[in-house]
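Input: a single structure, listed below in structure tokens.
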Amino acid sequence: MELRDLRQDTSGGVVVRAVRAGEWERARWLRLEALRDPVAELAFLEAYDTAAAKPESHWREWTARVAEGARDRRQFIAETAGGEWAGSVTVLREPAGASDPFHGTVERDQAHVVGVFVRPEWRGDKAGVTRALFDAALEWAWQAGVERARLFVHERNTRAEAFYRKTGFVASGVRVPGPVGVGGVELEYEMKRPAGD
Numbered sequence: 001m002e003l004r005d006l007r008q009d010t011s012g013g014v015v016v017r018a019v020r021a022g023e024w025e026r027a028r029w030l031r032l033e034a035l036r037d038p039v040a041e042l043a044f045l046e047a048y049d050t051a052a053a054k055p056e057s058h059w060r061e062w063t064a065r066v067a068e069g070a071r072d073r074r075q076f077i078a079e080t081a082g083g084e085w086a087g088s089v090t091v092l093r094e095p096a097g098a099s100d101p102f103h104g105t106v107e108r109d110q111a112h113v114v115g116v117f118v119r120p121e122w123r124g125d126k127a128g129v130t131r132a133l134f135d136a137a138l139e140w141a142w143q144a145g146v147e148r149a150r151l152f153v154h155e156r157n158t159r160a161e162a163f164y165r166k167t168g169f170v171a172s173g174v175r176v177p178g179p180v181g182v183g184g185v186e187l188e189y190e191m192k193r194p195a196g197d
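Each step along the sequence shown adds one to the number in the UniProt record's numbering, with nothing skipped, and position 65 is 65.
Take a look at the structure:
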């Protein structure tokens, strides 16, 4: 299933598209940028030092698994008119019956949104980058036939939580322990497949 490039008329002419397998170096760079963010310990399950130490082969393999043409996962990047990567989001398909690392078994076909990151200078409604990334990710998920999309957000990551609510996600009531060393609670938010999609 191929998803056409989505073009978002933002301040800078950002294009949201699937990452390409050969872009592993840029994908690595953006991931490391994300792990330097002040709220990274709340938003990601990986530390900067751990990610930075991974060999080139890891980054090549990961990027190939989430690149355009992948059937069960897709990473979308926001690219400016100047070729700069402003952010990314990854969507994982979770089929009904699969093991759910958070609570038991996946009950219905769903998408799991992970790795949400937008560089600070591209955040906010004016730029529209985060919304454009989510639009592309959700369009791909609905085209893949999932019944719902979900994500987890730490209770102290209020900026992200507010964006998810504004986008149409609602709390499902599922709560899981936060990352080791961080504590707190991760809240599951979900969006049901729109009627007619």
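Ideal placement from N, C-alpha and C gives every residue a C-beta, glycine not left out.
For residue 85, the closest of 30, 134, 39, 94 by C-alpha to C-alpha distance is 30. Taking a C-beta distance under 8 Å as the contact criterion, residue 147 and residue 108 qualify as a contact pair. At the C-beta level, residue 160 and residue 43 come within 8 Å of one another. In this structure the region 123 to 140 lies against the region 77 to 93, because at least three pairs of beta carbons, one per stretch, are closer than 8 Å. Listed in chain order, the non-local C-beta contacts of residue 188 below 8 Å within the same chain comprise 102, 150, 151, 152, 171, 172, 173, 174, 175, 176, local neighbours out to five positions each way being set aside.
The C-alpha of residue 45 lies about 31 Å from the C-alpha of residue 13. The beta-bridge partner set that DSSP reports for residue 45 is empty. Per DSSP, the continuous alpha helix (DSSP H) segment holding residue 158 begins and ends at 158 to 167.
In the structure shown, the three-state DSSP call for residue 177 is strand. Distance between residue 22 and residue 60, taken at the CA atoms: about 8 Å. Residue 63: not part of any beta strand (DSSP E); member of the alpha helix (DSSP H) spanning 56 to 66, first to last residue.
In this structure, residue 78 and residue 132 form a Cβ contact; the two beta carbons are roughly 6 Å apart against a cut-off of 8 Å. Annotation for residue 85: the continuous beta strand (DSSP E) segment containing it runs 85 to 94.
If the five residues before and after residue 65 are omitted, its C-beta is found closer than 8 Å to the C-beta atoms of 73, all from its own chain and listed in chain order.
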